[in-house]
Amino acid sequence: MSTCSLEKALPIECIHEIISHLTDSPSTLNSCVRTNRLFARLSVPLLYKNPWKYFDIEEDDGELYKKDLNSKGSLLLRTYLNCLNEQAIEFSESECSRSDTHPTTIMDYIVFTRHINVPILYRFLEARFSTTVICVDRTKKIQEAFLALSDALSKRCVTVEALVTCWHSTSDIFTSMVQRFPNISHLDLLQYENTNETLTFIGEHCKRLHVFKFTVRNCSPKLLSSFLESQEYLDELCVRITVAPKTLLAGLSSFVIAKITDLRINGLHIDHVMDNLIFQNLRSLDLSDCHSMDEKTFNALQFGQMITEINLSETKVSEEAIVALATHCKHNLKKLIMLPCGAADSIELGIRALAAHCPNLEEFRLDVIRVEIKAIMDLIQSCRKLQILVLGGVDIHNDDLLLDELMETIRTYISESIKYLDLREWSIGEKSVIDLATDCRNLEKIILRYCRNVNDNCIETISKYLAENLRHLDVANCPLVSSSEIAAAEERFLNCRIIHASRLYCIEH
273 MSTCSLEKAL PIECIHEIIS HLTDSPSTLN SCVRTNRLFA RLSVPLLYKN
323 PWKYFDIEED DGELYKKDLN SKGSLLLRTY LNCLNEQAIE FSESECSRSD
373 THPTTIMDYI VFTRHINVPI LYRFLEARFS TTVICVDRTK KIQEAFLALS
423 DALSKRCVTV EALVTCWHST SDIFTSMVQR FPNISHLDLL QYENTNETLT
473 FIGEHCKRLH VFKFTVRNCS PKLLSSFLES QEYLDELCVR ITVAPKTLLA
523 GLSSFVIAKI TDLRINGLHI DHVMDNLIFQ NLRSLDLSDC HSMDEKTFNA
573 LQFGQMITEI NLSETKVSEE AIVALATHCK HNLKKLIMLP CGAADSIELG
623 IRALAAHCPN LEEFRLDVIR VEIKAIMDLI QSCRKLQILV LGGVDIHNDD
673 LLLDELMETI RTYISESIKY LDLREWSIGE KSVIDLATDC RNLEKIILRY
723 CRNVNDNCIE TISKYLAENL RHLDVANCPL VSSSEIAAAE ERFLNCRIIH
773 ASRLYCIEH
(Lines of atoms letter the chains of each structure in order from A and count residues from 1; the text may use other names and numbers.)
(Lines give C-alpha, C1' and ligand atoms only; values in the text may rest on other atoms or scores of the structure.)
Protein backbone atom coordinates (compact mmCIF):
# COMPACT_ATOMS: atom_id res chain seq x y z
CA MET A 1 0.00 0.00 0.00
CA SER A 2 1.35 3.44 -0.92
CA THR A 3 1.77 6.12 1.75
CA CYS A 4 -1.06 8.18 0.21
CA SER A 5 -3.41 5.19 0.39
CA LEU A 6 -2.29 4.50 3.95
CA GLU A 7 -3.07 8.08 4.97
CA LYS A 8 -6.56 7.81 3.51
CA ALA A 9 -7.24 4.39 5.02
CA LEU A 10 -6.04 5.08 8.56
CA PRO A 11 -6.34 7.98 11.02
CA ILE A 12 -3.11 9.79 11.86
CA GLU A 13 -3.21 8.29 15.37
CA CYS A 14 -3.03 4.77 13.93
CA ILE A 15 -0.14 5.68 11.62
CA HIS A 16 1.68 7.17 14.60
CA GLU A 17 1.10 3.99 16.59
CA ILE A 18 2.58 1.90 13.76
CA ILE A 19 5.64 4.11 13.41
CA SER A 20 6.20 4.14 17.19
CA HIS A 21 7.09 0.44 16.98
CA LEU A 22 10.13 1.24 14.80
CA THR A 23 12.31 2.84 17.49
CA ASP A 24 14.78 -0.06 17.38
CA SER A 25 15.35 0.48 13.65
CA PRO A 26 16.89 3.92 13.02
CA SER A 27 17.33 3.25 9.30
CA THR A 28 13.59 2.53 8.93
CA LEU A 29 12.69 5.64 10.92
CA ASN A 30 15.04 7.67 8.75
CA SER A 31 13.28 6.33 5.66
CA CYS A 32 9.95 7.40 7.15
CA VAL A 33 11.36 10.90 7.70
CA ARG A 34 12.14 11.09 3.98
CA THR A 35 8.76 9.74 2.82
CA ASN A 36 6.52 12.80 3.14
CA ARG A 37 5.73 15.63 5.54
CA LEU A 38 3.25 13.67 7.63
CA PHE A 39 5.60 10.72 8.10
CA ALA A 40 8.44 13.14 8.88
CA ARG A 41 6.34 14.93 11.50
CA LEU A 42 5.53 11.60 13.17
CA SER A 43 9.00 10.01 12.87
CA VAL A 44 11.40 12.83 13.76
CA PRO A 45 10.39 13.02 17.46
CA LEU A 46 10.99 9.28 17.79
CA LEU A 47 14.32 9.31 15.95
CA TYR A 48 15.76 12.30 17.80
CA LYS A 49 14.36 11.62 21.26
CA ASN A 50 17.45 9.59 22.14
CA PRO A 51 19.70 9.42 19.05
CA TRP A 52 22.75 8.35 21.10
CA LYS A 53 21.35 4.87 21.70
CA TYR A 54 21.90 4.02 18.04
CA PHE A 55 25.71 4.25 18.32
CA ASP A 56 27.96 1.44 19.48
CA ILE A 57 30.97 3.26 20.94
CA GLU A 58 34.13 1.16 21.03
CA GLU A 59 35.98 1.27 24.34
CA ASP A 60 39.19 -0.22 22.95
CA ASP A 61 42.13 2.16 23.33
CA GLY A 62 44.14 0.72 20.45
CA GLU A 63 45.33 3.09 17.75
CA LEU A 64 43.27 1.31 15.10
CA TYR A 65 40.06 2.12 16.96
CA LYS A 66 41.08 5.71 17.59
CA LYS A 67 41.32 6.21 13.83
CA ASP A 68 38.06 4.40 13.19
CA LEU A 69 35.27 6.96 12.83
CA ASN A 70 31.54 6.33 12.88
CA SER A 71 30.15 8.13 9.85
CA LYS A 72 26.61 8.10 11.25
CA GLY A 73 27.91 10.02 14.26
CA SER A 74 29.28 12.68 11.94
CA LEU A 75 25.90 12.93 10.21
CA LEU A 76 24.08 13.36 13.51
CA LEU A 77 26.53 16.02 14.60
CA ARG A 78 26.21 17.84 11.28
CA THR A 79 22.42 17.83 11.65
CA TYR A 80 22.63 19.32 15.13
CA LEU A 81 25.17 21.95 14.06
CA ASN A 82 22.97 22.95 11.13
CA CYS A 83 20.13 23.59 13.61
CA LEU A 84 22.18 26.34 15.25
CA ASN A 85 21.89 29.96 14.31
CA GLU A 86 24.62 31.08 11.94
CA GLN A 87 26.02 33.34 14.65
CA ALA A 88 26.34 30.50 17.13
CA ILE A 89 29.33 28.87 15.43
CA GLU A 90 31.10 29.58 12.18
CA PHE A 91 32.95 27.15 9.92
CA SER A 92 35.33 28.18 7.20
CA GLU A 93 35.51 26.27 3.92
CA SER A 94 38.79 24.72 5.03
CA GLU A 95 37.13 23.25 8.11
CA CYS A 96 34.08 21.65 6.51
CA SER A 97 33.36 20.04 3.20
CA ARG A 98 30.81 21.74 0.96
CA SER A 99 28.24 19.05 1.81
CA ASP A 100 28.56 19.96 5.51
CA THR A 101 27.60 23.61 5.18
CA HIS A 102 23.84 23.61 4.74
CA PRO A 103 22.62 26.86 6.30
CA THR A 104 19.52 25.48 7.97
CA THR A 105 17.49 22.32 8.47
CA ILE A 106 13.83 21.65 7.65
CA MET A 107 13.08 21.03 11.33
CA ASP A 108 14.71 22.08 14.57
CA TYR A 109 15.81 18.58 15.57
CA ILE A 110 17.29 19.82 18.84
CA VAL A 111 13.77 20.58 20.11
CA PHE A 112 12.86 16.89 19.99
CA THR A 113 15.86 15.66 22.00
CA ARG A 114 14.93 14.22 25.39
CA HIS A 115 18.18 12.43 26.24
CA ILE A 116 21.49 14.30 26.35
CA ASN A 117 24.70 12.26 26.35
CA VAL A 118 27.65 14.62 26.72
CA PRO A 119 30.48 12.02 26.46
CA ILE A 120 29.26 10.74 23.08
CA LEU A 121 28.56 14.29 21.85
CA TYR A 122 32.09 15.37 22.74
CA ARG A 123 33.61 12.29 21.11
CA PHE A 124 31.78 13.03 17.85
CA LEU A 125 33.07 16.61 17.96
CA GLU A 126 36.64 15.39 18.47
CA ALA A 127 36.30 12.98 15.55
CA ARG A 128 34.84 15.66 13.28
CA PHE A 129 37.49 18.28 13.96
CA SER A 130 40.41 15.85 13.99
CA THR A 131 40.20 15.66 10.19
CA THR A 132 39.10 19.20 9.35
CA VAL A 133 40.97 21.56 11.68
CA ILE A 134 44.70 22.05 12.16
CA CYS A 135 46.04 20.97 15.54
CA VAL A 136 46.60 24.51 16.86
CA ASP A 137 42.93 25.47 16.54
CA ARG A 138 41.38 22.07 17.19
CA THR A 139 40.78 22.33 20.94
CA LYS A 140 39.35 25.83 20.58
CA LYS A 141 36.97 24.82 17.79
CA ILE A 142 35.80 21.71 19.67
CA GLN A 143 35.06 23.77 22.77
CA GLU A 144 33.24 26.45 20.77
CA ALA A 145 31.03 23.88 19.07
CA PHE A 146 30.45 22.04 22.34
CA LEU A 147 29.40 25.19 24.18
CA ALA A 148 27.12 26.25 21.31
CA LEU A 149 25.42 22.86 21.19
CA SER A 150 25.12 22.67 24.98
CA ASP A 151 23.55 26.10 25.09
CA ALA A 152 21.11 25.17 22.32
CA LEU A 153 20.13 21.90 24.05
CA SER A 154 19.63 23.74 27.32
CA LYS A 155 17.47 26.51 25.84
CA ARG A 156 15.59 24.79 23.02
CA CYS A 157 14.72 21.32 24.33
CA VAL A 158 11.12 21.19 25.45
CA THR A 159 12.04 18.77 28.23
CA VAL A 160 14.94 16.48 29.16
CA GLU A 161 14.40 13.05 30.65
CA ALA A 162 18.01 11.85 30.87
CA LEU A 163 21.33 13.67 31.26
CA VAL A 164 24.72 11.94 31.08
CA THR A 165 27.61 14.26 31.87
CA CYS A 166 31.40 14.12 31.77
CA TRP A 167 34.29 16.32 32.87
CA HIS A 168 33.77 18.46 29.76
CA SER A 169 30.47 19.62 31.26
CA THR A 170 31.24 22.91 32.98
CA SER A 171 29.28 23.86 36.07
CA ASP A 172 27.37 26.48 34.05
CA ILE A 173 26.18 23.89 31.51
CA PHE A 174 25.28 21.35 34.16
CA THR A 175 23.47 23.72 36.52
CA SER A 176 21.49 25.44 33.77
CA MET A 177 20.15 22.12 32.48
CA VAL A 178 19.22 20.85 35.93
CA GLN A 179 17.52 24.14 36.82
CA ARG A 180 15.52 24.25 33.59
CA PHE A 181 14.54 20.58 33.64
CA PRO A 182 13.79 19.67 37.28
CA ASN A 183 11.82 16.61 36.16
CA ILE A 184 14.93 14.81 34.91
CA SER A 185 14.42 11.14 35.78
CA HIS A 186 17.83 9.80 34.70
CA LEU A 187 20.95 11.62 35.92
CA ASP A 188 24.42 10.17 35.26
CA LEU A 189 27.28 11.97 37.03
CA LEU A 190 29.81 9.15 36.92
CA GLN A 191 32.23 11.30 34.92
CA TYR A 192 31.60 14.57 36.72
CA GLU A 193 33.66 16.19 39.51
CA ASN A 194 31.11 15.83 42.28
CA THR A 195 31.22 17.63 45.64
CA ASN A 196 28.89 18.29 48.57
CA GLU A 197 27.76 21.42 46.73
CA THR A 198 26.78 19.29 43.73
CA LEU A 199 24.68 17.01 45.91
CA THR A 200 22.99 19.93 47.64
CA PHE A 201 22.19 21.56 44.30
CA ILE A 202 20.71 18.36 42.85
CA GLY A 203 18.70 17.78 46.01
CA GLU A 204 17.13 21.22 45.67
CA HIS A 205 16.16 20.82 42.01
CA CYS A 206 15.70 17.12 41.24
CA LYS A 207 12.83 15.50 43.11
CA ARG A 208 11.78 12.74 40.74
CA LEU A 209 14.94 10.76 39.97
CA HIS A 210 14.39 7.16 38.94
CA VAL A 211 18.00 6.51 37.89
CA PHE A 212 20.95 8.15 39.64
CA LYS A 213 24.62 7.40 38.90
CA PHE A 214 27.18 9.16 41.02
CA THR A 215 30.95 9.14 41.62
CA VAL A 216 31.85 9.88 45.23
CA ARG A 217 34.95 12.01 45.59
CA ASN A 218 34.56 14.80 48.13
CA CYS A 219 31.09 14.06 49.44
CA SER A 220 30.17 13.27 53.02
CA PRO A 221 28.34 9.96 53.70
CA LYS A 222 25.75 11.76 55.84
CA LEU A 223 24.83 14.22 53.09
CA LEU A 224 24.75 11.46 50.47
CA SER A 225 22.45 9.34 52.67
CA SER A 226 20.15 12.29 53.30
CA PHE A 227 19.92 13.07 49.59
CA LEU A 228 19.24 9.47 48.53
CA GLU A 229 16.64 8.91 51.25
CA SER A 230 14.73 11.93 49.91
CA GLN A 231 14.41 10.39 46.43
CA GLU A 232 11.22 8.38 46.81
CA TYR A 233 11.04 7.29 43.15
CA LEU A 234 14.61 5.97 42.94
CA ASP A 235 14.77 2.41 41.61
CA GLU A 236 18.28 2.34 40.09
CA LEU A 237 21.27 3.62 42.08
CA CYS A 238 24.87 3.38 40.91
CA VAL A 239 27.63 4.51 43.29
CA ARG A 240 31.28 4.65 42.22
CA ILE A 241 33.82 5.04 45.03
CA THR A 242 37.33 6.28 44.27
CA VAL A 243 38.57 7.08 47.78
CA ALA A 244 38.17 5.65 51.33
CA PRO A 245 35.51 3.02 50.54
CA LYS A 246 35.32 1.65 54.09
CA THR A 247 34.65 5.08 55.59
CA LEU A 248 32.00 5.92 53.01
CA LEU A 249 30.09 2.62 53.12
CA ALA A 250 30.19 2.53 56.92
CA GLY A 251 28.68 6.04 56.96
CA LEU A 252 25.77 5.26 54.66
CA SER A 253 22.46 4.26 56.17
CA SER A 254 21.23 0.68 55.82
CA PHE A 255 18.35 2.05 53.73
CA VAL A 256 20.80 3.47 51.17
CA ILE A 257 22.97 0.31 51.17
CA ALA A 258 19.86 -1.69 50.37
CA LYS A 259 19.01 0.74 47.54
CA ILE A 260 22.35 0.34 45.70
CA THR A 261 21.90 -1.61 42.48
CA ASP A 262 25.36 -0.95 41.00
CA LEU A 263 28.48 -0.64 43.20
CA ARG A 264 31.87 0.29 41.74
CA ILE A 265 35.05 0.38 43.83
CA ASN A 266 38.09 0.92 41.64
CA GLY A 267 41.83 0.92 42.33
CA LEU A 268 41.54 0.63 46.12
CA HIS A 269 42.21 -1.79 48.97
CA ILE A 270 38.99 -3.57 49.91
CA ASP A 271 39.97 -5.46 53.08
CA HIS A 272 36.70 -5.96 55.01
CA VAL A 273 35.18 -2.97 53.17
CA MET A 274 31.85 -4.71 52.54
CA ASP A 275 31.69 -6.96 55.59
CA ASN A 276 28.27 -7.16 57.28
CA LEU A 277 26.63 -4.87 54.72
CA ILE A 278 23.41 -6.18 53.19
CA PHE A 279 23.23 -5.30 49.48
CA GLN A 280 19.85 -6.89 48.93
CA ASN A 281 19.23 -5.15 45.56
CA LEU A 282 22.78 -5.23 44.20
CA ARG A 283 22.77 -6.29 40.54
CA SER A 284 26.24 -5.23 39.39
CA LEU A 285 29.55 -5.22 41.29
CA ASP A 286 32.69 -3.67 39.78
CA LEU A 287 35.92 -4.25 41.74
CA SER A 288 38.31 -3.63 38.87
CA ASP A 289 41.90 -2.76 39.81
CA CYS A 290 41.23 -3.43 43.51
CA HIS A 291 43.72 -5.00 45.92
CA SER A 292 43.45 -7.73 48.57
CA MET A 293 40.95 -9.86 46.68
CA ASP A 294 40.52 -13.34 48.16
CA GLU A 295 37.80 -15.82 49.07
CA LYS A 296 36.95 -13.83 52.22
CA THR A 297 35.82 -10.95 50.01
CA PHE A 298 32.93 -12.98 48.61
CA ASN A 299 32.27 -15.16 51.65
CA ALA A 300 31.59 -12.06 53.79
CA LEU A 301 29.64 -10.15 51.14
CA GLN A 302 25.88 -10.58 51.39
CA PHE A 303 24.70 -10.38 47.79
CA GLY A 304 21.02 -10.96 48.13
CA GLN A 305 19.26 -12.54 45.15
CA MET A 306 19.78 -9.84 42.52
CA ILE A 307 23.47 -9.98 41.55
CA THR A 308 23.94 -10.65 37.83
CA GLU A 309 27.20 -8.87 36.86
CA ILE A 310 30.71 -8.86 38.37
CA ASN A 311 33.82 -7.14 37.02
CA LEU A 312 37.22 -8.26 38.36
CA SER A 313 39.40 -6.74 35.65
CA GLU A 314 42.96 -5.74 36.61
CA THR A 315 42.66 -7.52 39.95
CA LYS A 316 44.95 -10.10 41.53
CA VAL A 317 42.14 -12.45 42.38
CA SER A 318 42.89 -15.89 43.79
CA GLU A 319 41.44 -19.10 42.48
CA GLU A 320 39.76 -19.60 45.84
CA ALA A 321 38.01 -16.23 45.42
CA ILE A 322 36.56 -17.31 42.06
CA VAL A 323 35.32 -20.55 43.60
CA ALA A 324 33.69 -18.59 46.45
CA LEU A 325 32.13 -16.16 43.96
CA ALA A 326 30.65 -18.98 41.88
CA THR A 327 29.33 -20.74 44.98
CA HIS A 328 27.57 -17.64 46.33
CA CYS A 329 26.19 -16.23 43.05
CA LYS A 330 25.04 -19.54 41.59
CA HIS A 331 22.27 -19.32 38.98
CA ASN A 332 21.94 -15.54 39.24
CA LEU A 333 25.29 -14.68 37.63
CA LYS A 334 25.01 -13.72 33.95
CA LYS A 335 28.13 -11.62 33.36
CA LEU A 336 31.70 -12.09 34.63
CA ILE A 337 34.61 -9.98 33.41
CA MET A 338 38.23 -10.83 34.24
CA LEU A 339 39.98 -8.97 31.43
CA PRO A 340 42.85 -8.70 32.11
CA CYS A 341 43.08 -10.45 35.42
CA GLY A 342 46.28 -11.06 37.36
CA ALA A 343 45.07 -14.32 38.83
CA ALA A 344 47.13 -17.29 39.91
CA ASP A 345 49.10 -19.31 37.35
CA SER A 346 46.02 -21.44 36.79
CA ILE A 347 42.36 -20.85 37.61
CA GLU A 348 41.13 -24.21 36.38
CA LEU A 349 39.23 -24.92 39.61
CA GLY A 350 37.61 -21.48 39.47
CA ILE A 351 36.36 -22.01 35.92
CA ARG A 352 35.09 -25.48 36.77
CA ALA A 353 33.24 -23.98 39.75
CA LEU A 354 31.59 -21.47 37.39
CA ALA A 355 30.62 -24.33 35.09
CA ALA A 356 29.09 -26.22 38.02
CA HIS A 357 27.24 -23.36 39.73
CA CYS A 358 26.60 -20.63 37.11
CA PRO A 359 24.88 -22.22 34.08
CA ASN A 360 23.09 -18.96 33.18
CA LEU A 361 26.26 -17.05 32.23
CA GLU A 362 25.66 -15.01 29.09
CA GLU A 363 28.92 -13.06 29.05
CA PHE A 364 32.36 -14.34 30.06
CA ARG A 365 35.57 -12.38 29.46
CA LEU A 366 38.87 -13.88 30.55
CA ASP A 367 42.53 -12.94 30.28
CA VAL A 368 44.86 -14.70 32.71
CA ILE A 369 48.37 -16.06 32.68
CA ARG A 370 47.35 -19.65 32.06
CA VAL A 371 44.16 -21.64 31.72
CA GLU A 372 43.36 -25.19 30.78
CA ILE A 373 41.32 -25.54 27.61
CA LYS A 374 39.36 -28.47 29.01
CA ALA A 375 38.07 -26.23 31.83
CA ILE A 376 36.88 -23.69 29.23
CA MET A 377 35.14 -26.51 27.35
CA ASP A 378 33.37 -27.57 30.55
CA LEU A 379 32.15 -23.99 30.97
CA ILE A 380 30.83 -23.81 27.41
CA GLN A 381 29.05 -27.15 27.74
CA SER A 382 27.36 -25.95 30.93
CA CYS A 383 26.60 -22.34 29.94
CA ARG A 384 24.60 -22.81 26.76
CA LYS A 385 23.23 -19.24 26.82
CA LEU A 386 26.66 -17.66 26.25
CA GLN A 387 26.37 -14.69 23.91
CA ILE A 388 29.76 -13.07 24.57
CA LEU A 389 32.92 -15.14 24.96
CA VAL A 390 36.24 -13.32 25.18
CA LEU A 391 39.38 -15.43 25.52
CA GLY A 392 41.76 -13.06 23.79
CA GLY A 393 45.30 -12.82 25.09
CA VAL A 394 45.12 -16.02 27.11
CA ASP A 395 48.48 -17.80 27.15
CA ILE A 396 47.42 -21.37 26.56
CA HIS A 397 49.99 -24.14 26.84
CA ASN A 398 48.08 -26.79 24.93
CA ASP A 399 48.49 -28.47 21.57
CA ASP A 400 46.58 -27.55 18.42
CA LEU A 401 44.33 -30.59 18.68
CA LEU A 402 42.85 -29.21 21.90
CA LEU A 403 42.31 -25.85 20.21
CA ASP A 404 40.38 -27.56 17.44
CA GLU A 405 38.39 -29.48 20.07
CA LEU A 406 37.52 -26.21 21.80
CA MET A 407 36.28 -24.71 18.53
CA GLU A 408 34.18 -27.83 17.99
CA THR A 409 32.71 -27.37 21.48
CA ILE A 410 31.75 -23.77 20.65
CA ARG A 411 30.03 -24.88 17.46
CA THR A 412 28.24 -27.78 19.16
CA TYR A 413 26.92 -26.11 22.31
CA ILE A 414 26.58 -22.35 21.71
CA SER A 415 26.34 -21.95 17.94
CA GLU A 416 22.81 -20.51 18.25
CA SER A 417 23.50 -18.12 21.14
CA ILE A 418 27.03 -16.81 20.51
CA LYS A 419 27.10 -13.24 19.13
CA TYR A 420 30.53 -11.94 20.11
CA LEU A 421 33.69 -14.06 20.01
CA ASP A 422 37.20 -12.81 20.79
CA LEU A 423 40.04 -15.24 20.03
CA ARG A 424 42.90 -12.81 19.48
CA GLU A 425 46.44 -14.23 19.51
CA TRP A 426 45.24 -17.83 19.21
CA SER A 427 46.86 -20.24 16.76
CA ILE A 428 43.53 -21.64 15.61
CA GLY A 429 43.62 -23.36 12.25
CA GLU A 430 42.05 -22.29 8.98
CA LYS A 431 39.49 -25.11 9.01
CA SER A 432 38.35 -24.24 12.55
CA VAL A 433 37.65 -20.63 11.55
CA ILE A 434 35.80 -21.70 8.39
CA ASP A 435 33.67 -24.23 10.31
CA LEU A 436 32.93 -21.60 12.95
CA ALA A 437 31.66 -19.10 10.35
CA THR A 438 29.60 -21.83 8.69
CA ASP A 439 27.83 -22.97 11.86
CA CYS A 440 27.60 -19.86 14.09
CA ARG A 441 25.32 -17.73 11.92
CA ASN A 442 24.30 -15.25 14.66
CA LEU A 443 27.77 -13.85 15.20
CA GLU A 444 27.82 -10.03 15.20
CA LYS A 445 31.39 -9.41 16.31
CA ILE A 446 34.56 -11.45 15.75
CA ILE A 447 38.04 -10.54 16.99
CA LEU A 448 40.85 -12.52 15.31
CA ARG A 449 43.67 -10.02 15.78
CA TYR A 450 47.17 -11.58 15.72
CA CYS A 451 45.78 -14.99 14.67
CA ARG A 452 48.60 -16.06 12.38
CA ASN A 453 46.69 -18.85 10.62
CA VAL A 454 43.70 -16.71 9.57
CA ASN A 455 43.91 -16.24 5.80
CA ASP A 456 41.91 -15.09 2.78
CA ASN A 457 39.85 -18.29 2.72
CA CYS A 458 38.69 -17.56 6.27
CA ILE A 459 37.64 -14.01 5.33
CA GLU A 460 35.84 -15.24 2.23
CA THR A 461 33.84 -17.77 4.28
CA ILE A 462 33.06 -15.23 7.02
CA SER A 463 31.79 -12.70 4.50
CA LYS A 464 29.78 -15.39 2.72
CA TYR A 465 27.91 -16.83 5.69
CA LEU A 466 27.84 -13.86 8.10
CA ALA A 467 27.26 -11.00 5.67
CA GLU A 468 23.81 -10.20 7.04
CA ASN A 469 24.50 -10.17 10.80
CA LEU A 470 28.19 -9.34 11.29
CA ARG A 471 28.80 -5.78 12.49
CA HIS A 472 32.46 -5.91 13.51
CA LEU A 473 35.41 -7.91 12.16
CA ASP A 474 38.93 -7.38 13.53
CA VAL A 475 41.69 -9.09 11.55
CA ALA A 476 44.46 -6.60 12.29
CA ASN A 477 47.95 -8.08 12.32
CA CYS A 478 46.88 -11.26 10.54
CA PRO A 479 49.77 -11.66 8.05
CA LEU A 480 47.93 -14.04 5.71
CA VAL A 481 44.98 -11.70 5.11
CA SER A 482 45.40 -9.56 2.00
CA SER A 483 44.00 -6.11 1.37
CA SER A 484 42.40 -7.37 -1.86
CA GLU A 485 40.35 -9.94 0.06
CA ILE A 486 39.28 -7.28 2.53
CA ALA A 487 38.16 -5.12 -0.40
CA ALA A 488 36.15 -8.05 -1.78
CA ALA A 489 34.60 -8.69 1.64
CA GLU A 490 33.39 -5.09 1.79
CA GLU A 491 31.11 -5.76 -1.17
CA ARG A 492 29.48 -8.71 0.57
CA PHE A 493 28.85 -7.17 3.99
CA LEU A 494 25.67 -5.18 4.58
CA ASN A 495 26.95 -3.12 7.51
CA CYS A 496 30.24 -4.21 9.05
CA ARG A 497 33.18 -2.35 10.52
CA ILE A 498 36.39 -4.02 9.36
CA ILE A 499 39.59 -3.48 11.31
CA HIS A 500 42.57 -4.18 9.06
CA ALA A 501 45.71 -2.32 8.07
CA SER A 502 44.05 -1.33 4.80
CA ARG A 503 40.60 -0.49 6.19
CA LEU A 504 40.25 1.83 9.17
CA TYR A 505 36.67 3.02 8.77
CA CYS A 506 33.13 1.80 9.09
CA ILE A 507 31.90 0.04 5.97
CA GLU A 508 28.28 0.89 5.22
CA HIS A 509 26.19 -0.10 2.21
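Numbering (the working numbering), first residue to last: 273 to 781. Glycine included, C-beta positions come from ideal geometry on N, C-alpha and C. None of the values given here were measured: they were computed from a predicted structure.
- Looking at the DSSP output, D746 sits in a beta bridge with I719 and I771.
- The alpha helix (DSSP H) runs of length 4 or more contained entirely in the region 390-443 are, from start to end of the chain, 390-402 and 407-428.
- In the assembly as shown, W698 is a buried residue. Its beta-carbon has 16 or more other beta-carbons within 10 Å.
- When C-alpha distances from F486 are compared across R480, R512 and F473, the shortest belongs to R512.
- With 16 or more other Cβ atoms inside 10 Å of its own Cβ, V640 counts as buried.
- In the assembly as shown, M649 is a buried residue. Its beta-carbon has 16 or more other beta-carbons within 10 Å.
- A distance below 7 Å between beta-carbons, with the five flanking residues on each side excluded, links V316 to the following residues of its chain, in chain order: V305, M379, Y381 and F384.
- By a beta-carbon distance limit of 8 Å, N741 contacts E716. Their separation comes to about 6 Å.
- Leaving aside the five residues that flank A709 on each side, the residues in its chain whose CB is nearer than 7 Å to its CB run, in chain order, T733, I734, Y737 and L738.
- Between the alpha carbons of L651 and L766 lies a gap of roughly 33 Å.
- Of the candidates Q503, K588 and T580, K588 places its Cα closest to the Cα of C562.
- Residue state for C491 is assigned as coil, using DSSP reduced to three classes.
- The straight-line gap separating the alpha-carbon atoms of F551 and E762 is approximately 49 Å.
- Inter-residue distance for L673 and S556 is about 37 Å (C-alpha atoms, whole angstroms).
- Look at the region 635-695 and you find these whole runs of beta strand (DSSP E), each 3 residues long or longer: 635-638, 660-662 and 692-694.
- In this structure, I542 sits away from T519, with a CB-CB distance that is not shorter than 8 Å.
- By the neighbour-count definition (other C-beta atoms within 10 Å, threshold 16), R350 is a buried residue.
- Residue burial annotation: C286 is exposed, with fewer than 16 other C-beta atoms found within 10 angstroms of its C-beta.
- Contact check for Q451 against H482 fails: the beta carbons are separated by 8 Å or more.
- M610 sits close to L584, with the two beta carbons spaced by under 8 Å.
- The three-state reading of DSSP puts C601 in helix, counting H, G and I together.
- For the pair L506 and K531, the CB atoms are nearer than the 8 Å cut-off.
- In this chain, the beta strand (DSSP E) harbouring N583 covers E581 to N583.
- Shown here, L520 sits in a helix according to DSSP, grouped into three states.
- In the DSSP assignment, L318 falls within the alpha helix (DSSP H) that extends over R309 to K321.
- Using a Cβ distance threshold of 8 Å, L421 and L459 do not count as a contacting pair.
- Shown here for H288: same chain residues with a beta carbon closer than 8 Å to its own, the five before and five after excluded, namely L314 in chain order.
- Residue pairing by DSSP places V483 opposite H458 and E508 in a beta bridge.
- G539 counts as exposed, since fewer than 16 other beta carbons sit within 10 angstroms of its beta carbon.
- In the three-state reduction of the DSSP assignment, I623 falls in the helix class.
- Between E680 and N714, the C-beta gap is not smaller than 8 Å, which leaves the two residues out of contact.
- From the listed residues K691, D676 and T411, the smallest Cα separation to I706 is found for D676.
- Residue T437 holds the alpha-carbon nearest to the alpha-carbon of L462 among I582, A647, C730 and T437.
- In the three-state scheme derived from DSSP, where H, G and I count as helix and E and B as strand, S735 is classed as helix.
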